[in-house]
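In this note's numbering, the protein residues as written are 3 to 155. Structure first, commentary second.
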């Protein structure tokens, strides 16, 4: 399942946040991170998107929100939350000093060529994927909402 999420992120956004960060997230470039991080990040992104959609369609479920802008408010909220989740997920490793590799020449740790802007770009990538998944989830679950089955269209 981790390969599915890694492939999704890499197909769409790998050039945006960079190959060194992608390799780190795959778990192939750092001795401090050998697992596939895409699974956890992707699962949290979809979970947050699902929770926000359920809140919109079934908990708040107000007739005044049964239009594109009411749905758009929740889409925006979902996007912002997922931006911060994706960005902070990799930023914590950056500050913990885990984004390193072992130099073959010196056998010492050296920093991977990952900048803080790459981490922000990953947050944006997570945000953009969450928008896609929020839209898909909305198409699936909106039909059973008593007050908002026509949102966003």
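Even for Gly, the Cβ is constructed at its ideal location relative to N, Cα and C. This structure is a prediction, so every number in the text was calculated from the model and none was measured.
| query | result |
| --- | --- |
| Suppose the cutoff is 7 Å on Cβ atoms and the five residues either side in sequence are ignored; what does the same chain contact list for residue 64 look like? | 149 |
| Where do the N-terminal and C-terminal ends of the beta strand (DSSP E) with residue 111 fall, by residue? | 111 to 113 |
| Over the uninterrupted beta strand (DSSP E) stretch that includes residue 104, give me the two end residues. | 102 to 104 |
| Check whether the region 69 to 87 touches the region 115 to 134, taking contact to mean three or more Cβ pairs, one atom from each stretch, closer than 8 Å. | yes |
| Let me know the beta strand (DSSP E) ranges lying completely inside the region 36 to 110, each 3 residues or longer, listed in chain order. | 102 to 104 |
| Enumerate in chain order the residues of its own chain whose CB-to-CB distance from residue 125 is below 6 Å, with the five nearest sequence positions on each side excluded. | 85, 88, 89 |
| Answer yes if the region 107 to 119 comes into contact with the region 69 to 78, meaning at least three C-beta pairs across the two stretches below 8 Å, and no otherwise. | no |
| Within the chosen definition, does the region 47 to 66 reach the region 133 to 145 through at least 3 CB pairs nearer than 8 Å? | yes |
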